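Residues 1 to 93 (full-length UniProt numbering) are what the sequence shown spells out, left to right.
Here a beta-carbon is modelled for each residue, glycine too, at the ideal position from N, C-alpha and C.
All values reported here derive from a predicted model rather than from experimental measurement.
What follows is a single structure, written as structure tokens, with notes after it.
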Amino acid sequence: MKLCYTGFIVILVPAYWWRHGSANFLWGSNVALLVTLLALWLESSLLVSMMALSVLIPELGWAVDFTVRLIAGPEVVSFRGTSYMFATGLLTR
């Protein structure tokens, strides 16, 4: 598990850094990815539980919002957490 996750991070971090820049790693989900790597190597249940508590609810809310918008249409949901995913003309690079 440690080696697979480490390999994933070794590929993900340079790709994210190149595409989005270093500031992208200040987002909660990206911080959780890196701290989870540390928690795996230190075998720290405290770090794992901290990341789960800090990221789980917002990420689940985002996933539910995105799924509902994908199925029902972007104008159905009043929560606008995933509006940018359905906006046209935002593609860069």
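First through last residue of the alpha helix (DSSP H) which encompasses residue i
i           : result
residue 181 : Absent from the model: residue 181. The displayed extent of the chain is 1 to 93, so no value can be given.
R66         : In the sequence as displayed, the identity of residue 66 is Phe instead of Arg. Taken as a continuous stretch (DSSP letters only), the alpha helix (DSSP H) holding F66 covers S45 to A72.
Classification of residue i by the beta-carbon crowding that lies within 10 angstroms, buried from 16 upward
i   : result
M51 : buried
R80 : exposed
DSSP state of residue i mapped onto helix, strand, coil
i   : result
G7  : helix
R80 : coil
M85 : helix
C-alpha distance - residue i paired with residue j, whole-angstrom precision
i   : j   : result
A32 : I71 : 28 angstroms
S22 : V10 : 15 angstroms
S29 : V55 : 6 angstroms
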